[in-house]
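Asker:
Residue numbers (UniProt numbering): 1 to 320.
1) I need the straight-line Cα distance from residue 137 to residue 234, nearest angstrom please.
2) As an exercise, report each continuous beta strand (DSSP E) stretch of at least 3 residues that is fully enclosed by the stretch 214-277, in chain order.
3) Suppose the cutoff is 7 Å on Cβ atoms and the five residues either side in sequence are ignored; what does the same chain contact list for residue 265 look like?
4) Quick one: is residue 292 buried, meaning 16 or more other Cβ sit within 10 Å of its Cβ, or exposed?
5) Please state whether DSSP places residue 84 in a helix, a strand or coil.
6) Is residue 59 buried or exposed, if buried means 16 or more other CB atoms sit within 10 Å of its CB?
7) Kindly provide the ranges of any beta strand (DSSP E) runs that are 3 or more residues long and lie completely inside the stretch 137-172, ordered along the chain.
8) Can you tell me which of the three DSSP states residue 96 falls into?
9) When the distance is taken between beta carbons, is residue 134 closer than 7 Å to residue 211?
10) Once DSSP output is grouped into helix, strand and coil, what is the label at residue 128?
11) If we ignore side chains and look at the alpha-carbon of each, how far apart do residue 253 and residue 204 end up?
12) Looking only at C-alpha atoms, which of 122, 267, 217 and 151 sits nearest to residue 106?
13) Considering only the beta carbon of each residue, do residue 143 and residue 196 sit closer than 7 Å?
14) Answer yes or no: do residue 189 and residue 246 have a C-beta to C-beta separation smaller than 7 Å?
15) Okay, do the stretch 158-165 and the stretch 214-221 touch, 3+ Cβ pairs below 8 Å being the bar?
16) Exposed or buried, what is residue 68 when buried is set at 16 or more other beta-carbons lying within 10 Å of its beta-carbon?
17) Going by the DSSP bridge assignment, what does residue 174 pair with across the sheet?
18) Within 10 Å of its beta-carbon, does residue 298 have 16 or more other beta-carbons around it, so buried, or fewer, so exposed?
19) To the nearest whole angstrom, what separates the beta carbons of residue 272 and residue 191, a pair I think is in contact under 8 Å?
20) Which residues share a DSSP beta bridge with residue 67?
21) Among 309, 285, 115 and 316, which residue has its Cα nearest to the Cα of residue 74?
22) What span of residues does the beta strand (DSSP E) with residue 304 cover, start to end?
23) How would you call residue 248, buried or exposed, if buried means at least 16 neighbouring beta carbons within 10 angstroms?
24) Using 8 Å as the threshold, is the stretch 171-181 in touch with the stretch 89-109, meaning 3 or more CB pairs across them?
25) Cutting at 6 Å between CB atoms, please list the residues of its own chain near residue 193, excluding the five before and the five after it.
26) Going by C-alpha to C-alpha distance, which of 84, 76, 71 and 268 sits closest to residue 65?
27) Quick one: grab the DSSP three-state call for residue 287.
28) For residue 244, I'd like the list of residues in its chain whose CB is within less than 7 Å of its CB, leaving aside the five on either flank, ordered along the chain.
Here it is in structure tokens:
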């Protein structure tokens, strides 16, 4: 199995495509504006502290599947992968976001209250960094399930959350690296599949930290945002990917829930565990191929499988 990256050692520390047209993009803008006008309401202006107490009781996680298309659209291979999720979850609405549609969406959902955020998002020129930020924005604005195109679903989405946690869960994540790497590595959540209700302060923390990171890199390198390169931003995993996501979630949870939200409470999981309102799934749920368990341990089947297509893994951080 080829992995896009290995865990960091601590010591070294088509359905929607045809509808994207100019006319429908304008209509889409106003629909999203109406539907998402409140994205970020009750939060401070961007860059400030959230100032939130305990989150409100979560609403039901919306039955929506999000995908982000690259410039080459949906390949036959990616269509086969995504169909495993779409056909087995027929009550879920599906949205394939093109680059143009995503730009319109972000402007409509966040432009009124968070213009700086929109400026940063639209100014990014590295596709994978922009795509990473987009998944967090979509989940914050509307919630649902974000999947990368190279993910297959092995179980119905409605079965991912155990019955006893359904009323208390606002975010669902699964370990990418948790078991079988020894004692001296950095754990991180997978970001190829994330599930969330809209308006989660934990997702907002990730967004806030990501934008602050870009602002810092612009100042350090004395270049406009659009001139940032992968050499300047460093490892994608740290900049916008799994480690950024994991650190942001725990940062937010520790603010709200205190010491009981520590990572130590959800290590080496063999069953799902609720940490505040974040449901953490064991490594075998979203990343069976990158976690190694003791011989003889009988594991449940995975919920999803990631196929590591890695279309972004080139010098430009995106499809050619």
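Idealized CB from N, CA, C, for every residue including glycine.
Answerer: Reading from the atomic positions:
1) Indexing the chain shown from 1 puts residue 137 at position 137. Indexing the chain shown from 1 puts residue 234 at position 234. Taking the straight line from one Cα to the other gives about 22 Å.
2) Entirely contained in the stretch 214-277, the beta strand (DSSP E) runs reaching 3 residues are, in chain order, 273-275.
3) Stepping through the chain shown from its first residue, residue 265 is reached at position 265. Around residue 265: 275.
4) Within the chain shown, the letter at position 292 stands for residue 292. Exposed is the call here.
5) The residue given as residue 84 occupies position 84 in the chain shown. Correct three-state label for residue 84: helix.
6) The sequence position of residue 59 within the chain shown is 59, counting from 1. Exposed: under 16 other Cβ atoms inside 10 Å.
7) Counting only unbroken stretches of 3 or more residues, the beta strand (DSSP E) elements lying wholly within the stretch 137-172 are 144-147 and 151-153, in sequence order.
8) Taking the chain shown and counting its residues from 1, one reaches residue 96 at position 96. In the structure shown, residue 96 sits in a strand (DSSP, three-state: E or B).
9) Within the chain shown, the letter at position 211 stands for residue 211. Within the chain shown, the letter at position 134 stands for residue 134. Cβ atoms of residue 211 and residue 134: not closer than 7 Å.
10) Position 128 of the chain shown, counted from the first residue, corresponds to residue 128. In the structure shown, residue 128 sits in a helix (DSSP, three-state: H, G or I).
11) Taking the chain shown and counting its residues from 1, one reaches residue 253 at position 253. Taking the chain shown and counting its residues from 1, one reaches residue 204 at position 204. Taking the straight line joining both Cα atoms gives about 12 Å.
12) Translated into positions along the chain shown, residue 106 becomes position 106. Residue 122 is the option with its Cα nearest to residue 106.
13) Residue 143 sits at position 143 when you count from the first residue of the chain shown. Residue 196 sits at position 196 when you count from the first residue of the chain shown. In this structure, residue 196 lies closer than 7 Å to residue 143 by Cβ.
14) As a working note, residue 189 is residue 189 in the chain shown. As a working note, residue 246 is residue 246 in the chain shown. The Cβ atoms of residue 189 and residue 246 lie closer than 7 Å to each other.
15) As far as the Cβ criterion goes, the stretch 158-165 does not touch the stretch 214-221, which means the pair count is below three.
16) Numbered from its first residue, the chain shown carries residue 68 at position 68. The residue in question, residue 68, is buried, as its Cβ has 16 or more Cβ neighbours within 10 Å.
17) Indexing the chain shown from 1 puts residue 174 at position 174. Residue 174 pairs with 281.
18) One-based indexing of the chain shown puts residue 298 at position 298. Residue 298 should be labelled exposed.
19) Residue 272 sits at position 272 when you count from the first residue of the chain shown. Residue 191 sits at position 191 when you count from the first residue of the chain shown. No, residue 272 and residue 191 are not in contact; Cβ-Cβ is about 18 Å, not under 8 Å.
20) Taking the chain shown and counting its residues from 1, the one referred to as residue 67 is at position 67. Partner(s): 96.
21) Position 74 of the chain shown, counting from 1, holds the residue named residue 74. Of 309, 285, 115 and 316, the residue nearest in Cα terms is 309.
22) Taking the chain shown and counting its residues from 1, one reaches residue 304 at position 304. Its beta strand (DSSP E) spans residues 304-306.
23) Translated into positions along the chain shown, residue 248 becomes position 248. With 16 or more Cβ atoms within 10 Å of its Cβ, residue 248 is classed as buried.
24) no
25) If you number the chain shown from 1, residue 193 lands on position 193. The residues are 147, 151, 286 and 304.
26) Here residue 65 is taken as the residue at index 65 of the chain shown, counted from 1. Comparing Cα-Cα distances from residue 65 to each of 84, 76, 71 and 268, the minimum goes to 84.
27) As a position in the chain shown, residue 287 is number 287, starting the count at 1. DSSP places residue 287 in coil when its eight states are reduced to three.
28) Numbered from its first residue, the chain shown carries residue 244 at position 244. So the list reads 206, 209, 210 and 238, once near-sequence residues are dropped.
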